[in-house]
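Worksheet for the structure shown next.
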Amino acid sequence: MTIHDDTLVLDTHIDIRWPETPDWTGETRQLVDLPKMRAGGMNAAIFIAYVGQGKRDPAGHAAAGARAEAMLRHIAARAAISGTRFCATPDALEACFAAGDTAVLSAVENGYAMGHDLGRIGLWRSLGAVYLTLTHDGHNDLSDSARPRAALGDAPAEHGGLSKLGEAAIAEMNARGLMVDVSHVAKPGMLRAAVLSRSPVVATHTACAALCPHPRGLDDEQLDALRACGGLAQITAVPSFLRPPAPNAPGQAGVADLVDHIDHAVRRIGLDHVGISSDFDGGGAVMGWANAAETGAVTAELERRGYGAREIGLLWSGNFLRVWRQVLRLTA
Ligand SMILES: [Zn+2]
Numbered sequence: 014m015t016i017h018d019d020t021l022v023l024d025t026h027i028d029i030r031w032p033e034t035p036d037w038t039g040e041t042r043q044l045v046d047l048p049k050m051r052a053g054g055m056n057a058a059i060f061i062a063y064v065g066q067g068k069r070d071p072a073g074h075a076a077a078g079a080r081a082e083a084m085l086r087h088i089a090a091r092a093a094i095s096g097t098r099f100c101a102t103p104d105a106l107e108a109c110f111a112a113g114d115t116a117v118l119s120a121v122e123n124g125y126a127m128g129h130d131l132g133r134i135g136l137w138r139s140l141g142a143v144y145l146t147l148t149h150d151g152h153n154d155l156s157d158s159a160r161p162r163a164a165l166g167d168a169p170a171e172h173g174g175l176s177k178l179g180e181a182a183i184a185e186m187n188a189r190g191l192m193v194d195v196s197h198v199a200k201p202g203m204l205r206a207a208v209l210s211r212s213p214v215v216a217t218h219t220a221c222a223a224l225c226p227h228p229r230g231l232d233d234e235q236l237d238a239l240r241a242c243g244g245l246a247q248i249t250a251v252p253s254f255l256r257p258p259a260p261n262a263p264g265q266a267g268v269a270d271l272v273d274h275i276d277h278a279v280r281r282i283g284l285d286h287v288g289i290s291s292d293f294d295g296g297g298a299v300m301g302w303a304n305a306a307e308t309g310a311v312t313a314e315l316e317r318r319g320y321g322a323r324e325i326g327l328l329w330s331g332n333f334l335r336v337w338r339q340v341l342r343l344t345a
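When you read off a place in the sequence shown, starting at 1, and then add 13, the result is the number in this note's numbering.
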């Protein structure tokens, strides 16, 4: 057995097509489907109920909430076939891996989907969601986004961090055991969330701004804040986060660039605070890890750089499982 085969390989952020979703149990044109996951030794995927930022009015909030809920129900139903399991707890995920089955997990991206209703947080957790990403691109009523959208009327900064509603949402997430994802959140809100949250916060799909200045990357101060709260930086395979554009050499990012960012985060905040995600079907894919079938290439590059079985296990899932357990333990 290779290290890759022996490792619980968990990808913490994968989008799905919605609402016209192809049958994931057969070959599709998506970067992730069940055959590709099996071929690539990707044992577990957190699929995202993603809601784009829209109008912050009652109709907009209602539509966003309905969409997130429908997507969560769809994702759970993906595991209805034999050889797959929907996993809503760390124990279930580990048992799924031990049985040789493929794990399906879910999360919500964009706190916009809760509108002003904190009750949504408990509903999503009861549907099995692992985390909520506080914002997407564009400010919402919880926090400023790292990428304001002028088309939505966004000022560069609106709340200057978290709003009162955003703070209340974090308290409710802590109480319900829904992890706080600070990806997409503007730096002041991200730093505030890391301090305010009673349980560690996670950036489920991010990169290191020290290596590639990009509003979606975390600078070293933000990485330090994740270590300080016991959280995680899950380095993701979005090319523009990994390698700055070079007008005369449109070089594409590859697996080596991804692992450069992993190396940087490990050096800065320690192996225990770093993980991996693809953002497949949501903008992620690099040369060498272009879809789920090629997931072994990431492990191979980590091995080439001297990471052993223990370290690779922590990066792919061990750290995430540890933090997830902590989040569940620290509920009210
Ligand atoms: Zn995202």
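For glycine and all other residues, C-beta sits at the position ideal for the given N, C-alpha and C.
message: Rounded to whole angstroms, what is the Cα-Cα separation between T25 and A58?
response: Counting from one through the sequence shown, the residue named residue 25 turns up at place 12. Counting from one through the sequence shown, the residue named residue 58 turns up at place 45. Cα to Cα, T25 sits roughly 6 Å from A58.
query: So, do the segment 96-111 and the segment 120-135 have three or more beta carbon pairs nearer to each other than 8 Å?
result: no
query: If G202 and S139 are in contact, beta carbons under 8 Å, what's the gap, nearest whole angstrom?
result: Numbered from its first residue, the sequence shown carries residue 202 at position 189. Numbered from its first residue, the sequence shown carries residue 139 at position 126. At roughly 26 Å, the Cβ-Cβ gap does not stay under 8 Å, so G202 and S139 are not in contact.
field: Alpha-carbon to alpha-carbon, V193 and A306
entry: Sequence index remark: in the sequence shown, residue 306 carries index 293 (1-based). Sequence index remark: in the sequence shown, residue 193 carries index 180 (1-based). Whole-angstrom Cα-Cα distance: 29 Å.
- prompt: Considering only residues of the segment 144-228, which uninterrupted beta strand (DSSP E) runs meet the minimum length of 3 residues and lie entirely inside it, listed in chain order?
  reply: 192-194 and 215-219
Endpoints, alpha helix (DSSP H) assigned at R91: Here residue 91 is taken as the residue at index 78 of the sequence shown, counted from 1. Run containing R91: none; DSSP gives neither H nor E here.
query: Should the segment 62-80 be regarded as contacting the segment 115-129, the criterion being three or more beta carbon pairs within less than 8 Å?
result: yes
- request: Keeping to the same chain, check which residues put their C-beta closer than 6 Å to that of F293; ignore five residues upstream and five downstream.
  value: For the purposes of this step, residue 293 is taken as residue 280 along the sequence shown, with counting starting at 1. For F293, where only same-chain residues beyond five positions count, the Cβ hits under 6 Å are I27, L44 and V45.
query: If you drop the 5 nearest sequence neighbours on each side, which residues of the same chain put their C-beta closer than 8 Å to that of R42?
result: Against the sequence shown, residue 42 aligns to sequence position 29. The residues are P35.
task: Using DSSP bridges, identify the partner residues of W337.
output: Here residue 337 is taken as the residue at index 324 of the sequence shown, counted from 1. Paired residue(s): none; W337 is not in a bridge.
task: Go through its chain and collect everything with a Cβ distance to A278's Cβ below 8 Å, but skip five positions before and after it.
output: Here residue 278 refers to the residue found at position 265 of the sequence shown. Same-chain partners within the cutoff: C221, L236, A246, I248, H286 and V287.
- prompt: Between L343, I61 and G326, which lies nearest to V214 when the distance is taken from Cα to Cα?
  reply: Along the sequence shown, read from residue 1 onward, the residue named residue 214 stands at position 201. Minimum Cα distance to V214 is reached at L343.
message: Helix, strand or coil for M50? Go by DSSP, reduced to three states.
response: The residue given as residue 50 occupies position 37 in the sequence shown. Here M50 sits in helix by DSSP.
query: First and last residue of the beta strand (DSSP E) that includes A269?
result: To locate residue 269, count along the sequence shown from 1; it is residue 256. That residue, A269, is in no beta strand (DSSP E); its alpha helix (DSSP H) goes V268 to I282.
Whole-angstrom distance between P260 and C100, CA atom to CA atom: As a position in the sequence shown, residue 100 is number 87, starting the count at 1. As a position in the sequence shown, residue 260 is number 247, starting the count at 1. Looking at the two C-alpha atoms, the distance is approximately 44 Å.
- prompt: Name the DSSP beta bridge partners of R11, please?
  reply: For the chain, the structure presents residues 14 to 345; residue 11 sits outside this window and is missing.
query: Can you name the residues that DSSP bridges to F293?
result: One-based indexing of the sequence shown puts residue 293 at position 280. Looking at the DSSP assignment, F293 forms a beta bridge with I27 and G297.
query: Closest by CA to A89, which one among A75, I61 and A168?
result: Looking up residue 89 in the sequence shown gives position 76. Comparing Cα-Cα distances from A89 to each of A75, I61 and A168, the minimum goes to I61.
Nearest-angstrom Cα separation, counted from R98 out to D276: Locating residue 276 in the sequence shown gives position 263, where the first residue counts as 1. Locating residue 98 in the sequence shown gives position 85, where the first residue counts as 1. Going from the Cα of D276 to the Cα of R98 covers about 32 Å.
task: Buried or exposed for R205, please, with buried defined as at least 16 other CB atoms from any protein chain shown within 10 angstroms of its CB.
output: Walking along the sequence shown from the start, residue 205 turns up at place 192. Classification of R205: buried, given that the 10 Å Cβ count is 16 or more.
field: Cβ neighbour criterion (16 or more within 10 Å) applied to M55
entry: Your numbering for residue 55 matches position 42 in the sequence shown. The residue in question, M55, is buried, as its Cβ has 16 or more Cβ neighbours within 10 Å.
- prompt: Can you tell me whether E40 is buried or exposed, with buried defined as 16 or more other CB within 10 angstroms of its CB?
  reply: Locating residue 40 in the sequence shown gives position 27, counting from the first residue. So E40 counts as exposed.
- request: Would you mind reading off the limits of the beta strand (DSSP E) that contains S330?
  value: Stepping through the sequence shown from its first residue, residue 330 is reached at position 317. Neither: S330 is in no beta strand (DSSP E) and is coded neither H nor E.
- prompt: Got a sec, what are the start and stop residues for the alpha helix (DSSP H) T312 sits in?
  reply: Position 299 of the sequence shown, counting from 1, holds the residue named residue 312. Looking at the DSSP string, the run of the alpha helix (DSSP H) that includes T312 is G309 to R317.
As assigned by DSSP and simplified to three states, the class of E324: Reading the sequence shown from its first residue, position 311 is the one you call residue 324. The answer is helix: DSSP assigns E324 an H, G or I state.
- prompt: Straight-line CA distance for L341 to S196?
  reply: Counting from one through the sequence shown, the residue named residue 341 turns up at place 328. Counting from one through the sequence shown, the residue named residue 196 turns up at place 183. The alpha-carbon atoms of L341 and S196 are separated by roughly 20 Å.
query: Out of curiosity, what's the CA-to-CA distance linking W337 and P71?
result: Within the sequence shown, residue 337 is the residue found at index 324, counting from 1. Within the sequence shown, residue 71 is the residue found at index 58, counting from 1. Distance between the alpha carbons of W337 and P71: 33 Å.
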